[in-house]
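Shown next, in structure tokens, is the structure this report addresses.
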Amino acid sequence: MQRDLKMSPQEYLRRADAAQEVAAFGVTAQRQFPQVYAGAWLNEAGKSVVAITSGPGADEARAAAVSAGHEVRNVAKSESALRGEKTAFENWLSAAPAPVQAAVRGVVIDTVNNAIAVRVNQVGVQLPAFIDPSRVVVTAPPVGGERVDLAASPIAGAGNGALGGGDAYASVLGRSQLHCSLGFNGTDRNGNVVNISAGHCNPDVETGGTAGAAAVYERNNTSLGAELGTFGKTVLGEQDYSIIRINDGAKGRFENNLVRVPGAAPIAIDGVATPVVGAPVCKSGARTGFSCGVINGVDQTVQVGDRQMTQSFSANLCALPGDSGGAIVSGRLAVGISSASSVADYPICEIPIILGALTGDAPQLFAQPISVVLNDNPGLSVRTN
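Heads up, the sequence shown is in our numbering, so the first residue is 1223 and it goes up one at a time.
Put into structure tokens, the structure is as follows:
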């Protein structure tokens, strides 16, 4: 946290809590003041900010925000107006020429700047007049997981240690493997022990939940360990998540609420967070370990390969293939699972981090919010003990 965020663990926890407080206020404000509420975030100093536009209820909304301890920023457009612009852009894009569609890699409501931001993979893309040119970001397209087309390694002896978020696994189908990271441990509606990871970590999405589902193995460097379970459900498209059903023989290893921190004690998860712009987050991945950044976009649409992911959030974090599916936390709260990276082609994180410091184009990690997964699967829960 001191290395990546330049803050103490205590300040990290304070900001994580502040983000959830302003997120809760935002839910209420959206309902009570829909014509004037324009979003909420943490600023660079870690102070919660609520944006309000002019209109019926504006004075009441400002008073409520101040009373709750938040700063107020006056802006031109409400959140509902920005959502309308985002929808208008998506409709425009669906009818645009194929080269334009291919160049646009994502769109998000830029709450801090009260505008729509668009990600493109090249300069000079002609966009609608209502898109502010200063909010067009040129960035590398996000890339998903790591496929290793090799014969399965010899099976090592069965392990017996606890497994948590960020630990390595391999999903195996025939003679192919996908290398990924475990996400959050939990239980499904029937009380079965599960782990929530990324959907693209399943090499055979269509067989999830069937007798032919791909198997999941513990991975120790180049060797496969014991079989841990199978993919009970996989969603890959607008969302990117899998629910791994843990075998009876391995479930004791998953009956914990831990997220791995290499070289230190694990983090014990005690709840679920809403992604908030400005909130500090840390990811745990089998390839690049534990690193931290700040959320810079929420509820965004992003093109990952040939699929369009919605409701995702992003943070200025480096992740590489093999980190996919790993846990992302804010404070001690589960916030998301790693889905795609803008720097997946690099062999190590140090290279894009240095380049980002020179060019201002920091690595971006795109993530699946865990709250969306839980909402889509009634009875599914993340372990908090």
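For every residue, glycine included, the Cβ atom is placed at its ideal position computed from N, Cα and C. All figures in this text were calculated on a predicted structure; none of them were measured in a lab.
Strictly by DSSP, which residues pair up with residue i?
{"i": "residue 1439", "result": "1392, 1449"}
{"i": "residue 1576", "result": "Paired residues: none, contrary to the question."}
{"i": "residue 1321", "result": "Note: residue 1321 sits in no beta bridge, so no partner."}
{"i": "residue 1263", "result": "1271"}
{"i": "residue 1456", "result": "1464"}
{"i": "residue 1332", "result": "1337"}
{"i": "residue 1512", "result": "1506"}
Alpha carbon to alpha carbon, what distance is there between residue j and residue i?
{"i": "residue 1312", "j": "residue 1503", "result": "29 Å"}
{"i": "residue 1566", "j": "residue 1541", "result": "7 Å"}
{"i": "residue 1398", "j": "residue 1426", "result": "11 Å"}
{"i": "residue 1598", "j": "residue 1579", "result": "38 Å"}
{"i": "residue 1448", "j": "residue 1433", "result": "19 Å"}
{"i": "residue 1217", "j": "residue 1514", "result": "The structure shown does not extend to residue 1217, since the chain is modelled only from 1223 to 1607, so the question has no answer here."}
{"i": "residue 1556", "j": "residue 1358", "result": "30 Å"}
{"i": "residue 1604", "j": "residue 1520", "result": "21 Å"}
{"i": "residue 1593", "j": "residue 1494", "result": "7 Å"}
{"i": "residue 1392", "j": "residue 1441", "result": "6 Å"}
{"i": "residue 1356", "j": "residue 1263", "result": "20 Å"}
{"i": "residue 1351", "j": "residue 1484", "result": "48 Å"}
{"i": "residue 1558", "j": "residue 1308", "result": "23 Å"}
{"i": "residue 1287", "j": "residue 1255", "result": "11 Å"}
{"i": "residue 1339", "j": "residue 1354", "result": "8 Å"}
{"i": "residue 1279", "j": "residue 1248", "result": "15 Å"}
{"i": "residue 1539", "j": "residue 1317", "result": "33 Å"}
{"i": "residue 1595", "j": "residue 1569", "result": "30 Å"}
{"i": "residue 1575", "j": "residue 1583", "result": "9 Å"}
{"i": "residue 1293", "j": "residue 1591", "result": "26 Å"}
{"i": "residue 1600", "j": "residue 1412", "result": "11 Å"}
{"i": "residue 1345", "j": "residue 1506", "result": "33 Å"}
Might you give, ordered along the chain, the residues of its own chain that have their beta carbon closer than 6 Å to the beta carbon of residue i, omitting 5 neighbours on each side?
{"i": "residue 1508", "result": "1390, 1403, 1544"}
{"i": "residue 1245", "result": "1496, 1498"}
{"i": "residue 1473", "result": "1415"}
{"i": "residue 1314", "result": "1350"}
{"i": "residue 1552", "result": "1238, 1495, 1501, 1503"}
{"i": "residue 1371", "result": "With a pLDDT of 46 at residue 1371, under the threshold of 50, the modelled position of that residue is not reliable, and the figure given next carries that caveat. Cβ neighbours of residue 1371 beyond the five flanking positions: 1398."}
{"i": "residue 1456", "result": "1421, 1424, 1427, 1430, 1464"}
Might you give, ordered along the chain, the residues of its own chain that have their beta carbon closer than 7 Å to the beta carbon of residue i, omitting 5 neighbours on each side?
{"i": "residue 1260", "result": "1273, 1274, 1275, 1297, 1299, 1300, 1301, 1336"}
{"i": "residue 1240", "result": "1264, 1268, 1270"}
{"i": "residue 1423", "result": "1367, 1393, 1400, 1402, 1464, 1546, 1547"}
Measuring alpha carbon to alpha carbon, tell me which residue in the options is nearest residue i.
{"i": "residue 1446", "options": "1452, 1332, 1394, 1546", "result": "1394"}
{"i": "residue 1303", "options": "1323, 1321, 1333", "result": "1333"}
{"i": "residue 1534", "options": "1479, 1548, 1414, 1560", "result": "1560"}
{"i": "residue 1269", "options": "1250, 1290, 1252", "result": "1290"}
{"i": "residue 1608", "options": "1345, 1451, 1431", "result": "In the structure displayed, the chain extends from 1223 to 1607; residue 1608 sits before or after that span and is not available."}
{"i": "residue 1401", "options": "1546, 1382, 1459, 1606", "result": "1546"}
{"i": "residue 1330", "options": "1531, 1571, 1388, 1415", "result": "1531"}
{"i": "residue 1554", "options": "1517, 1536, 1488", "result": "1488"}
{"i": "residue 1323", "options": "1348, 1536, 1225", "result": "1348"}
{"i": "residue 1479", "options": "1405, 1233, 1569, 1600", "result": "1405"}
{"i": "residue 1295", "options": "1281, 1305, 1306", "result": "1281"}
{"i": "residue 1585", "options": "1573, 1292, 1564", "result": "1564"}
{"i": "residue 1383", "options": "1482, 1428, 1306, 1429", "result": "1482"}
{"i": "residue 1227", "options": "1242, 1266, 1243, 1253", "result": "1266"}
Whose C-beta lies closer than 8 Å to the C-beta of residue i among residues of the same chain, with five residues either side of it excluded?
{"i": "residue 1277", "result": "1257, 1258, 1300"}
{"i": "residue 1327", "result": "1341, 1342, 1343, 1361, 1363, 1364, 1524, 1525"}
{"i": "residue 1251", "result": "1259, 1262, 1272, 1283, 1286, 1287"}
Output yes if chain D places a C-beta closer than 8 Å to the C-beta of residue i; else output no.
{"i": "residue 1602", "result": "Here there is only one protein chain, and chain D is not present."}
I think residue i touches residue j, with their Cβ atoms under 8 Å apart; what is that distance to the nearest whole Å?
{"i": "residue 1501", "j": "residue 1238", "result": "6 Å"}
{"i": "residue 1588", "j": "residue 1536", "result": "5 Å"}
{"i": "residue 1606", "j": "residue 1470", "result": "Not really, about 23 Å apart at Cβ, beyond 8 Å."}
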